[in-house]
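K.L.:
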């Protein structure tokens with residue numbers, strides 16, 4: 027087995043013995059097997075968008091099948107571990123540590139897992155079922171690395187989610203969806219540059235600071251998830267809603283499609 031996988035298995039097993047000693051391995055799925063949870067996003071996606079390999083899990087072996095230990099390995103070697111008690115209902119220990127391997131070794135593991143798990147359509151499986159007794163070829167590594175650009179847009183979307191935007195209070199107070207959205211140059215690193223309006227605000231309304239709220243893009247999406255498709259649009263973009271699920275560039279030749287949630 028790959029040396030990093032062996033180390034993760036050792037660490038997770040130790041966590042059970044140390045932090046939930048009242049739990050026997052007989053109470054865990056497949057006697058405490060480690061499962062590679064690639065079924066949601068896939069290895070390559072998590073590597074380039076979330077800066078990590080897909081999570082590793084141990085599960086309680088009961089009808090709820092909740093997690094007992096969850097481990098996340100980041101690209102830089104950081105390990106974040108959660109240990110769950112009460113059959114998975116509570117966190118009893120959170121551990122932030124580091125695995126002593128080269129980042130290049132973690133990249134090789136990511137390539138191996140993409141090739142031997144994802145490409146083989148082995149999803150959320152016991153790591154013992156994944157062929158990991160070899161190192162991927164240079165060609166496979168180069169292929170994996172060359173795919174990075176496919177995730178640029180998704181990385182930008184993720185980065186923007188925590189940044190702030192100016193939002194008309196009509197969205198929150200009156201229940202409207204976004205009708206008009208525009209992006210300007212960001213004023214600082216926390217600013218997305220985006221402003222979101224219903225589309226029926228007049229100049230007097232917009233110029234009154236009490237009618238505008240500063241809000242993260244993530245929170246704006248709670249009111250209108252359709253904006254997700256457009257938030258990576260370039261600076262200088264002005265968009266109007268033209269249907270329930272579509273915006274287009276504002277050419278000042280169409281009425282805004284206004285809709286409530």
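Numbering (our numbering), first residue to last: 27 to 287.
Where a beta carbon is used, it is the ideal one built from N, C-alpha and C, also for glycine.
Please read all numbers here as calculations on a predicted model, not as lab measurements.
1) Below 6 Å CB to CB, which residues in the same chain sit around residue 74 once its five sequence neighbours on both sides are set aside?
2) Counting only the same chain and skipping the five closest in sequence on each side, list residues whose C-beta sits under 7 Å from that of residue 280.
3) State the DSSP-derived secondary structure class of residue 217, mapped to helix, strand or coil.
4) Just list the beta strand (DSSP E) runs in the region 110-187, keeping only unbroken ones of 3 residues or longer that don't cross its boundaries, in chain order.
5) Just curious, the beta strand (DSSP E) that residue 275 is in, first and last residue?
6) Take residue 222 as the anchor and find which of 97, 215, 147, 251 has the nearest alpha-carbon.
7) Roughly how far, in whole angstroms, is the beta-carbon of residue 41 from the beta-carbon of residue 64, given that I think they are within contact range, below 8 Å?
8) From the DSSP secondary-structure annotation, give me the bridge partner or partners of residue 266.
9) Do you know how far the Cα of residue 120 is from the Cα of residue 87?
10) Which two residues bound the contiguous alpha helix (DSSP H) that contains residue 247?
11) Based on Cα-Cα distance, which residue from 111, 167, 70, 77 lies nearest to residue 43?
12) With distances taken from CA atoms, which of 138, 229, 246, 154 is nearest residue 163?
13) Might you give, ordered along the chain, the residues of its own chain that have their beta carbon closer than 7 Å to the beta carbon of residue 188, omitting 5 neighbours on each side?
14) So for residue 39, helix, strand or coil by DSSP?
15) Could you tell me which residues DSSP pairs with residue 107 in its beta bridges?
P.N.:
To lay it out plainly:
1) 174, 177.
2) Sequence-distant partners of residue 280 (beyond 5 residues in either direction) whose C-beta falls short of 7 Å from its own C-beta, in its chain, are 266, 268.
3) In the three-state reduction of the DSSP assignment, residue 217 falls in the strand class, which pools E and B.
4) Unbroken beta strand (DSSP E) runs of no fewer than 3 residues, entirely contained in the region 110-187, are found at 116-124, following chain order.
5) First-last of the beta strand (DSSP E) with residue 275: 272-275.
6) Of 97, 215, 147, 251, the residue nearest in Cα terms is 251.
7) In this structure residue 41 is not in contact with residue 64, their Cβ atoms being roughly 21 Å apart against a cut-off of 8 Å.
8) In DSSP, residue 266 forms a bridge with 206, 274.
9) Our two residues, residue 87 and residue 120, have alpha carbons roughly 22 Å apart in a direct line.
10) 243-249 is the span of the alpha helix (DSSP H), which, as asked, contains residue 247.
11) Looking from the CA of residue 43, the closest CA among 111, 167, 70, 77 belongs to 111.
12) Ranking 138, 229, 246, 154 by Cα distance to residue 163 puts 138 first.
13) Taking residue 188 as the centre and dropping the five residues before and after it, the same chain places the C-beta of 242, 244 closer than 7 Å to its C-beta, in chain order.
14) Here residue 39 sits in helix by DSSP.
15) Answer by DSSP bridge pairing, in chain order: 97, 121.
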